[in-house]
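Written below as structure tokens is the structure these notes are about.
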Amino acid sequence: MFLLKRLSLRSKFLVAPAIALLLMVLLAMIHLMTTLKQHQVLVNVEQSELYVSDQMINLFSRLSTTHLFIYDLLVNQSADFSEEQIYENGKPHVYSIFAIEKAMADAELVEKMKEVERAHHANLTAELIDYRSYVISGLEMATVDRALAIHHMQRATEHFNRVNKQYLSFLEVIRNRVNDKLVSVSNDTNISLSYSLVIFLIALLSTVVIAVFLSRLLSDDLGHLIKVMGRLASGDKNIDIPTQSSSKEVNALVNAVKVFKQNQLRLEQEINERKAVEADLQLAASVFEYSMEGIMITDADAHILSVNKAFTDITGYSADDAIGKTPRLLRSNLHDESFYQKLWTSLGQEGKWQGEIKNRRKDGEIFPVWSNISTVRDEHDQVRRYINIFTDITDKKLSEEHIYRLAHYDILTGLPNRALLQQRLQQALLLAKRHRHKLAILFLDLDRFKLVNDTLGHTVGDQLLQQVGKQLIACVRKADTVSRLGGDEFVIILDDLSSTDDAAQIATKVLETLSRPFNLDGHDVYVTASAGISIYPDDGEDADHLFKNADTAMYRAKEQGKNTYRFYTEEMNMAVSERLTFESQLRRALDSGAMCLHYQPRVDLQRGCIVGMEALLRFIDPVQGTLAPGRFISIAEDTGLIIPIGHWVVRAACEQYRNWCEQGIDVPKISINISGRQFMEASLVDNISEIVHDNGIDAANIELELTETFLMENPKKTITILRELKALGFKIAIDDFGTAYSSLAYLKRFPIDKLKIDRSFISDIPDNADDIAITKAIIAMARNLNLWIVAEGVETEAQLAFLRAHGCEEVQGYYFSRPLAVDAATKLLQTKRPFDHLIGQETKVGGIRRI
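Residue numbers for the sequence shown follow our numbering, beginning at 1 and rising by one.
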């Protein structure tokens, strides 16, 4: 202090500023050096990483816009534009993709990249080229095949997603490098601020001490500068620095304060720029965090470093659960070690692996993922990171499984369908050939399924098929295959048989099981089945022959009484060939004139006159001659030809009736047989009434005959149709009465006019007491129901006498006449009372005549 007092005023005035100035210069130099260093780092970041990042962001933004436009054009708006419009609208955007590729390959841009970034850049460019190829293909195909164009666009979308992944990886590398540099800048800044603070405190303390001592000597300018420094130190950047003073020392101090302020402002600007860079990197991080795909990043030792939200949503493990662990956390133990060895080998050699992995969620549920794993290496080719991007494909696998079941299993019964049956049979045949054992095909067809369906409804029919499927499974071994071909047809593959007896035993068990009643919707339903069996290799060495031969054997079982099984024989094949030949002839019969009608008279026993003619179908075979319906009707029924044949019979009979009327021949009635399938046709009533109207015939002169068996199959529907026919005036007769089970309750409800006693009851009269009793009962029942009676198949005088004695009103049979061709029938009708000599003296036995 004493020395200070000895100094001149000028010197005293300069002591404190000199000390403060010295310290401020030191502070400014530290700040300047730090600022220059930070500035250089940030300039490098701006010219290198930020430049590359900015360019790539702009390019990818353009690419995303282009992709969305093309995708919308091809997939969403393809129906609104023509193919040429799609191509012309998409072509400029293809050029845009080329421009993006060119910009991405710019030498200046690539030169600013580091080695790791260039590797990612190369992968990105490769994926972009593939993407562009599929886009071009999609646009080109738009003029040819829109569906294929959309397919190419979907493939392009897959490559676009890969471009996106490469782009994110590229930005991640840049972000990490920028982050490292910014951390370095931040550390330098903190150190600089620490030094500055220490120096500033020293300067402030020195100035205060000296100022207290020399307060009276310091000028107002110096005092004001001290206030400015105080406010700058507190962070106030808006303060005005004093103007120049006449004192050189004060001016120097003023300039130093200005430099300090400028440095502070520059530092603040650089910090703001760093925050902007961090915001860009944060955007990239958001892409990572909010991706719909699970992302897991590990270090070189496979320890998890980071996971995104989708990872947690998919696996159930939070970031805290996963970080620090290894991917074994998700292991399901469904893959062996060789699977993981191949995975790690691929990562080591190729730097990537993709495929399906079955993982385990936190709750223990096993689920499939499609995983893409990439290796990240540093500039020294050392592994730094592994990035696993995966997608939960549970829904996709379930959809695939559902589609597979729809394609290979019967929806109703859950049994294998025809396609899966073929596959399993091929596999079974390969094993049978390899091990030289027998194999059997058991072809089943339900015998009364149509009756159940028509009577009880399709719901009960479906339930029956389901129950049959379950019973069939219970009858066979686990290794055997039970399948449903469709309708009421089932096929069983019996594998590894030691002999054909094994197949016979299983067939017997199946038929016995199916013959038991099924309780369905409160009904006890009875069905039986017919089965055909073919044996490998005896009856065929391939699937087609085995199927065909088993089917042939099944039809033979049906022909021989149903509810039985038959093994295939070569004779069956010959019979099938003959049947096919006959069927072919039958199909051509209507057009070739091979069909004709014969007519058999129906005679009134009381008057001895003809009261009707029954039209009977005949088929003229070039080899066998004229054939009766018994030889071909079953084939017509099976093939559906019975419908057109039935229509032809009705038309031909009505036309002949009209011809007889035009010739002046009196024919009271003409009888026409109607088949069951023809009767159930929706257009039956309209067709018959149209034919009758076209020929100018009174419907009352047409008698339609239906079999008793058919009438009882669906009595409710039958009654409805019969009432429609009766309303039009047609007469209705039940043919072959007594050969089937008829409910008397329904019989009295049927709007019928006549019963025709089947010839099987007449043929053994008067020798068979049972036939006599049945015939008497039918006649009595008909008379009580006020129905007309006709006896068929009368061949002897004794039969005629019995029928006449018991009140039968009309007869028909060889005793009077065989069925006659048109010319012979015409001559018979022109003869007056041709059968008087056969009928003899009229005998009346009780009863009254009904009209």
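Here a beta-carbon is modelled for each residue, glycine too, at the ideal position from N, C-alpha and C.
Here the structure is a predicted model, which means the values were calculated and not measured.
Spatial neighbours of residue i within its chain, please: CB distance less than 8 Å, with the 5 preceding and 5 following residues excluded, ordered by chain position.
i, result
"V685", "I721, E724, L725 and L728"
"K362", "T315, G316, Y317 and D321"
"A256", "L21, M24, V25 and A28"
"A419", "A407 and H408"
"L856", "Because the chain here runs from 1 to 851, residue 856 falls outside it and cannot be looked at."
"H523", "L456 and V460"
"V623", "none"
"L590", "P644, I645 and W648"
I need the boundaries of the beta strand (DSSP E) containing residue i, first residue and last residue.
i, result
"N333", "That residue, N333, is in no beta strand (DSSP E); it is neither H nor E in DSSP."
"G522", "Where G522 is concerned, there is no enclosing beta strand (DSSP E), given that its DSSP letter is neither H nor E."
"T481", "T481 to G486"
"R566", "Y565 to F567"
"G676", "Counting along the chain, G676 falls outside any beta strand (DSSP E), though it belongs to the alpha helix (DSSP H) covering G676 to F679."
"N372", "I366 to R377"
Whole angstroms is fine: what's the gap from residue i's alpha carbon to residue j's?
i, j, result
"P834", "C609", "7 Å"
"D259", "K275", "A small fix is needed here, since residue 259 is Val in this sequence, not Asp. Cα-Cα distance, rounded: 24 Å."
"E356", "S371", "6 Å"
"G469", "I387", "51 Å"
"N701", "L580", "38 Å"
"E379", "I297", "19 Å"
"F98", "T66", "11 Å"
"R146", "F490", "42 Å"
"L36", "Y51", "21 Å"
"R424", "G414", "16 Å"
"L485", "L412", "11 Å"
"V178", "S186", "12 Å"
"L704", "G593", "24 Å"
"D621", "F632", "11 Å"
"S291", "H152", "25 Å"
"A699", "D604", "21 Å"
"I762", "E792", "7 Å"
"E655", "I645", "15 Å"
"N359", "N123", "29 Å"
"I732", "F750", "9 Å"
"E273", "S192", "19 Å"
"Q812", "K754", "14 Å"
Among all the DSSP beta bridges, which residues are the ones paired with residue i?
i, result
"M296", "V307 and N388"
"H598", "L616"
"A440", "L494 and I535"
"F737", "I757"
"R146", "R146 pairs with nothing; no bridge assigned."
Could you give the first and the last residue of the continuous alpha helix (DSSP H) run that contains residue i?
i, result
"C475", "H458 to C475"
"L421", "R418 to H435"
"R783", "A769 to N784"
"I136", "E115 to M141"
"L828", "V822 to Q830"
"I533", "From DSSP, I533 is part of no alpha helix (DSSP H) but of the beta strand (DSSP E) over A529 to Y536."
"I757", "Run containing I757: none in the alpha helix (DSSP H); it sits in the beta strand (DSSP E), K754 to I757."
"R651", "I642 to E662"
"D544", "A543 to E559"
"A407", "T394 to H408"
"K352", "From DSSP, K352 is part of no alpha helix (DSSP H) but of the beta strand (DSSP E) over K352 to R360."
Ignore the nearest five residues each way along the sequence and tell me which others in residue i's own chain have a CB closer than 7 Å to its CB.
i, result
"I857", "Beyond the ends of the chain as shown, which are 1 and 851, falls residue 857; an answer cannot be given."
"V173", "V116, E117 and H120"
"T927", "The structure shown does not extend to residue 927, since the chain is modelled only from 1 to 851, so the question has no answer here."
"Q853", "The structure shown has nothing for residue 853, since the chain only spans 1 to 851."
"D466", "Before going further, note that residue 466 is Gln rather than Asp in the sequence given. Here the set comprises L412 and T413."
By Cβ distance, which residues of its chain are closer than 6 Å to residue i, with the 5 residues on each side in sequence left out?
i, result
"I839", "G608"
"S689", "L728"
"F60", "Y167"
"R231", "I239"
Mark residue i as exposed unless 16 or more other C-beta atoms lie within 10 angstroms of its C-beta, in which case mark it buried.
i, result
"Q718", "The question names Gln, but residue 718 is Thr in the sequence shown. Result: buried."
"I129", "exposed"
"P327", "buried"
"L810", "Contrary to the premise, residue 810 reads as Glu rather than Leu in this sequence. Classification of E810: buried, given that the 10 Å Cβ count is 16 or more."
"Q463", "buried"
"W660", "buried"
"S338", "exposed"
"R516", "exposed"
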